[in-house]
Each structure stands twice: as C-alpha cells, then as structure tokens.
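Visitor: Right, I'll just put the structure down here and ask away after.
In the working numbering, the protein residues as written are 5 to 215.
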C-alpha cells in the first residue's frame, strides 16, 4: 500500500506552526520540570499531570489535522464526514465509517446492503440511529459515494488486552492492518471519536477539523 498517498495535502503552514509552537512549549515545561527534579522538597506530580494533558491535547490536534491529509486525496466529502461524526459523537451513536483509498476493499469485507448514494451527513447519520436495521455494521465510502451499509469487517487479532477495545474499534483496526483504508469510529459508550489507519487508533476532535 502507498502510505504516502494520504499525505499529499498536508501543507497547512498555519497548523504546522501551531503544532511546532505547542511542542516547544511542552519541551520548555519538561526542561523546567527536569531542572527541579533534584530538589527533594519539590513535588512534581502536578507538573507531570500538566505535561501529560498538554501532550494529549497536541496528539488530538495533530490527529485531526492528519485525518484531513489522509482523506482529502480520496474524497471531496471531508466536511460531510466530520460533520456526521460530530453529530454522532454528540448523541453517543456508535458508528463505523470506512473510506476506501488505493486498495480495493470488495474482497476484504462481508458486503452488507447496497446504498449507492452521494455522501451527505443526514444520510450517514440516519444509518447509525440505534435500532435502525444497519446501525451495527460499517458504512463503505468510495470517493463521494456511500457504496453500502451494514458491512462486516475483519476483526483485529492483535493481542493487546491493555487497550480493552470494543468490537467496533477492533474491526476498524482489523481492516486497517490489512489495507490502506481509513476508518472513522464513534464509541456508543463514551461518544469519543477516533480514526484508524495503518493498524493504529488516533483520537480526534472533529470540531478542530470543521471548516
């Protein structure tokens, strides 16, 4: 698979500068904490917590930025996708949305029900309403079209019990371990949105991705 394909549009100098500034700020805080480390009378637990929170914020911001980079060369519906994920996340509606890139997915998933309609946030969200016939399966998107819904994905066999992942997340990882697809996931337990690519999960803040 061509892992560089999804990076073609990662040219936002503004976002790069913001991420760089954030990383410099964390580095400065870490150096300050390190300078205090030999002072036995100073408790550094609060500083460690602050550093961890800042790194988490940078990770989420970077993930949201790179999601656009991964998807833009393959679909013009990025805004519709992120809007859908935002609404699904707000409502804690579980969702699994597969975006096909260079590797065809027809032989990698158990086909669900054909949809063959343009991607719109209203249609996407309706497919994942709890109790709807297809809400437990994955939606497959190719270009600007919703190809099918209710698809079954290969579940990851990687043994990582510390991750304590649900079925949707394991399915997202399973497909991306085998192909170059990007899979958007919304947890029905927490509403947390994330995406899987190259067999790894990344948290996203879809508000950061909205135009």
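Using N, Cα and C, we set each Cβ at its ideal position, and we do this for glycine too.
Look at the Cβ atom of residue 117, then the Cβ atom of residue 185, and state whether they are nearer than 8 Å.
Guide: Cβ atoms of residue 117 and residue 185: not closer than 8 Å.
Visitor: For residue 18, which of helix, strand or coil comes out of DSSP?
Guide: Correct three-state label for residue 18: helix.
Visitor: Along the chain, where does the alpha helix (DSSP H) that runs through residue 51 open and close?
Guide: Looking at the DSSP string, the run of the alpha helix (DSSP H) that includes residue 51 is 49–75.
Visitor: Taking buried to mean at least 16 other C-beta atoms within 10 Å of its own C-beta, is residue 81 buried or exposed?
Guide: The residue in question, residue 81, is buried, as its Cβ has 16 or more Cβ neighbours within 10 Å.
Visitor: Rounded to a whole number of angstroms, what is the C-alpha to C-alpha distance between residue 220 and residue 86?
Guide: Here the chain has residues from 5 to 215 only, and residue 220 is not among them.
Visitor: Among residues of its own chain, excluding the 5 on either side of residue 155, which ones have a beta-carbon nearer than 8 Å to its beta-carbon?
Guide: Result list for residue 155: 102, 113, 114, 115, 116, 141, 142, 143, 144, in chain order.
Visitor: Tell me whether the stretch 53–69 and the stretch 127–139 touch, counting them as touching only if at least three CB pairs, one residue from each stretch, are closer than 8 Å.
Guide: No: fewer than three Cβ pairs fall under 8 Å.
Visitor: For residue 93, does the three-state DSSP call read helix, strand or coil?
Guide: Residue state, collapsed to three classes: helix.
Visitor: Quick one: grab the DSSP three-state call for residue 78.
Guide: Residue state, collapsed to three classes: coil.
Visitor: When you compare the CB positions of residue 69 and residue 19, do they come within less than 8 Å of one another, or not?
Guide: In contact: residue 69 and residue 19 (Cβ atoms closer than 8 Å).
Visitor: Name the DSSP beta bridge partners of residue 130, please?
Guide: Answer is none; residue 130 lacks a bridge partner.
Visitor: Is residue 84 buried or exposed, if buried means 16 or more other CB atoms sit within 10 Å of its CB?
Guide: Label assigned to residue 84: buried.
Visitor: Looking only at its own chain, which residues have a Cβ that is under 7 Å from the Cβ of residue 201, when we skip the five neighbours before and after it?
Guide: Closer than 7 Å at Cβ, skipping near neighbours: 74, 180, 186.
Visitor: Comparing C-alpha positions only, which one of 204, 203, 38, 197 sits nearest to residue 91?
Guide: Here the closest residue by C-alpha is 197.
Visitor: Applying the criterion that 16 or more other CB atoms from any shown protein chain within 10 Å of the CB defines a buried residue, is residue 216 buried or exposed?
Guide: Because the chain is modelled from 5 through 215, residue 216 falls outside the range shown and cannot be assessed.
Visitor: Tell me the residue span of the beta strand (DSSP E) that contains residue 179.
Guide: Premise fails: residue 179 lies in the alpha helix (DSSP H), 171–182, not in any beta strand (DSSP E).
Visitor: Does DSSP put residue 30 in a helix, a strand or coil?
Guide: Looking at residue 30 - three-state DSSP - the assignment turns out to be helix.
Visitor: Since residue 190 contacts residue 119 with CB under 8 Å, what's their CB separation in whole angstroms?
Guide: About 19 Å separates the two Cβ atoms, so there is no contact after all.
Visitor: Excluding the 5 residues flanking residue 127 on each side, which residues of the same chain have their C-beta closer than 7 Å to its C-beta?
Guide: The residues are 121, 150.
Visitor: Look at the alpha carbon of residue 95 and the alpha carbon of residue 161, and state the distance between them as a whole number of angstroms.
Guide: Residue 95 and residue 161: Cα-Cα distance of roughly 30 Å.
Visitor: Across which residues does DSSP place residue 146 in a beta bridge pair?
Guide: Its beta-bridge partners are 149.
Visitor: Kindly give me the distance between the Cβ atoms of residue 100 and residue 175, rounded to whole angstroms, as I take these residues to be in contact under 8 Å.
Guide: At roughly 6 Å, the Cβ-Cβ gap stays under 8 Å, so residue 100 and residue 175 are in contact.
Visitor: Pull up the DSSP beta-bridge partners for residue 198, would you.
Guide: Answer is 189, 207.
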